[in-house]
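Take a look at the structure below.
Number of protein chains: 2
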Amino acid sequence: MQPRKEELTAALIDYLLAHGLSELSLRPLAAELGTSARLLIYHFGSKEGLLAAAMDAMHGHLRSSLQALADAHAPKGTKPLRRFWDWAITAENFPYLKLLYELQILAARNPETYGHLLKNHAASWLELVKRVMPDDERDAAMASLPIAVFDGLFLELMNTGDRKRTTHALDRFIGLVEQARLHRASATLKPRSTSTRKRGT
Amino acid sequence: MQPRKEELTAALIDYLLAHGLSELSLRPLAAELGTSARLLIYHFGSKEGLLAAAMDAMHGHLRSSLQALADAHAPKGTKPLRRFWDWAITAENFPYLKLLYELQILAARNPETYGHLLKNHAASWLELVKRVMPDDERDAAMASLPIAVFDGLFLELMNTGDRKRTTHALDRFIGLVEQARLHRASATLKPRSTSTRKRGT
DNA sequence: CGTTACATGTAACGTTCGTTACATGCAACC
DNA sequence: GGTTGCATGTAACGAACGTTACATGTAACG
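The structure is reproduced here in structure tokens:
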């Protein structure tokens, strides 16, 4: 790729992170990048090619950042979901994820316009969650739940900006799951009063 | 309101439910409604007025439907969150909520364009959740959690259409909360082994 | 019958959209 | 030094956008 195109792609990403996808227009974009609509088409072929290049670069960035998260050794006792959350709400990563959620909504309504841009990150996230989850919780419904909690809290963070409350709520969820896990473990060790009692009648 | 305008509003709502907000254009809309862009402006004053009228009617519809849900007597033992979910994924209500989520995302990015249309249903939902929640769980973080679960699962339902898995995941969450509640209750009745033990050293 | 109010049709306005035609600069390479 | 290839400027294209001007139809009411 020509160096000029790479420069433009980087600036383009910043623009998209700041302005979103739904009202993107070549001329205002070009004005802010200090170039012209003519050149954007020249470098990227079309508006769709421009978006594709930008989203490709974004996915690359996110993938390497996720890899760095996976490589870093976890502070002991920190739950994976919480680590993922902390990673996601970083000043650096938050705008990227925000844009992905926006894209997901747009793609749900207009697949022919935005579908191409959406690598199936939802599916890959689900696999990621399943990988870190204990075996006894590895069914689709239980894997959906942490993702939904993450999605829902991230949405609320997008709309309210309240990092403290959303993070607190996530910790509550983690606490619920942990408590259930401990409860289940103790019930297995000494199956005394739980569900071994005959059903009433 | 003139009768013709009411007819148009009803048809307009159907169109918006089917096509979404982000790519709305007067002429295609008018063509499908069997009228003209000229008349849409005539009746609604402007495109923004048209959207405002449509969203107003939508909120009215949702409010009365929610009221009906509140008035109906709950099947005994059904958790409020599950009742709300069942209500939300109804064939009738689902498109409305889908549009509200779409609007919320768009408004988060372009408040000046879509902000007006967004009655603060997020806040009112949060109040609703707080109202049905036991006292000991009534802090903001714990109230955020059911909403986030609902939002996240609804998002996933929007994107995958998998009613079964998302509903199952919701039941899992309800189970977690219920289990924690029971656990807490028993710990209160016989505070024997939980947290009364001295911290180790 | 004339007036009034709602409704509609035709046509255009000015703007912005993505895209293209055409010409030109600039640096490197043979 | 001429050729080649990337980069850029100017200008316009046709289409679609929201909106408006102007004329007309229709039915109710005095």
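Protein chains in written order, with my numbering: chain E, 40 to 240; chain Y, 40 to 240. Note that CB positions come from ideal geometry on N, CA and C, so glycine has one too.
Strictly below 9 Å CB to CB, what residues from chain E border Y:I213? Chain E residues near Y:I213: none, gap ~11 Å exceeds 9 Å.
Could you check the C-alpha separation between E:G84 and E:L101 for me, to the nearest Å? 25 Å
Quick one: measure Cβ to Cβ for E:A127 and E:L120, integer angstroms, because I've assumed they're closer than 8 Å. Not confirmed; about 10 Å, so no contact.
Close-in-space but distant-in-sequence residues of the same chain around E:L138 (CB under 8 Å, 5 per side omitted): L55, L56, G59, L60, M97
Relative to the C-alpha of E:I315, which residue among E:D175, E:L194, E:T74 is closest? Within the shown structure, residues of chain E are numbered from 40 to 240, placing residue 315 of chain E beyond reach of any answer.
Terminal residues of the alpha helix (DSSP H) in which Y:P186 lies: First, the amino acid is wrong: residue 186 of chain Y is Ile here, not Pro. Per DSSP, Y:I186 belongs to the alpha helix (DSSP H) from 179-199.
Which residues in chain E sit within 9 Å of Y:Q218, going by Cβ to Cβ distance? L215, Q218, A219, H222
With DSSP as the reference, label E:K115 as helix, strand or coil. coil
Following the continuous alpha helix (DSSP H) through E:P42, name the residue where it begins and the one where it ends. 42-58
With respect to the alpha helix (DSSP H) encompassing Y:D110, which residues constitute its N-terminal and C-terminal limits? 86-110
Does any C-beta atom of chain Y lie closer than 7 Å to the C-beta of E:L136? no
Taking contact to mean 3 or more Cβ pairs, one atom from each stretch, closer than 8 Å, check whether the segment 176-184 of chain E and the segment 202-211 of chain Y are in contact. yes
Beta-carbon contacts of Y:L196 that lie in its chain and below 6 Å, excluding the five residues immediately before and after: T205
Have a look at E:E151 and E:H222 and give me their C-alpha separation to the nearest angstrom. 48 Å
For Y:G59, which residues in chain E fall below 8 Å Cβ to Cβ? R148, N149
Within 7 Å of any Cβ in chain Y, is that where the Cβ of E:D190 sits? yes
Leaving out the 5 sequence neighbours to the left and right, which residues in its chain are closer than 6 Å to Y:M94 when beta-carbon positions are compared? L156
How about E:R236: is its C-beta nearer than 7 Å to some C-beta of chain Y? Any reading at E:R236 is ruled out, since the residue's pLDDT is 46, under 50, leaving its predicted position unreliable.
Proximity to Y:A107 [Cα-Cα], best of Y:T117, Y:E141, Y:N132, Y:K86: Y:N132
Quick one: residues in its chain with C-beta nearer than 7 Å to the C-beta of Y:A92, no 5 flanking neighbours on either side, listed in chain order? T48, F83
Extent of the continuous alpha helix (DSSP H) to which E:L79 belongs: 76-83
Identify each residue in the segment 107-133 of chain Y for which the Cβ-Cβ distance to at least one residue of chain E is less than 7 Å, and report them in chain order. none
Between the alpha carbons of Y:R202 and E:R220, how many angstroms are there, rounded? 26 Å
Tell me whether E:G154 sits in a helix, a strand or coil according to DSSP, three-state version. helix
Can you pull the chain Y neighbours of E:A179, defined as C-beta to C-beta under 7 Å? R204
Could you check whether the Cβ of Y:L90 sits closer than 7 Å to any Cβ belonging to chain E? no
How about Y:E195: is its C-beta nearer than 7 Å to some C-beta of chain E? yes
What distance in whole Å lies between the Cβ atoms of Y:L72 and Y:K86, which are believed to be in contact at a cut-off of 8 Å? Contact flag wrong, Cβ pair sits at about 14 Å.
Mind listing which residues of the segment 41-70 of chain Y have their C-beta closer than 7 Å to chain E's C-betas, in chain order? G59, S61, E62
With a cut-off of 8 Å on the beta carbons, I'd call E:L68 and E:L78 a contact; round off their distance for me. At roughly 11 Å, the Cβ-Cβ gap does not stay under 8 Å, so E:L68 and E:L78 are not in contact.
Y:E62 versus E:D190, E:G214, E:Y153, residue with shortest Cα-Cα distance: E:Y153
Local conformation of Y:T206 per DSSP, three classes: helix
Cutoff 7 Å: Y:A187 Cβ touching any chain E Cβ: yes
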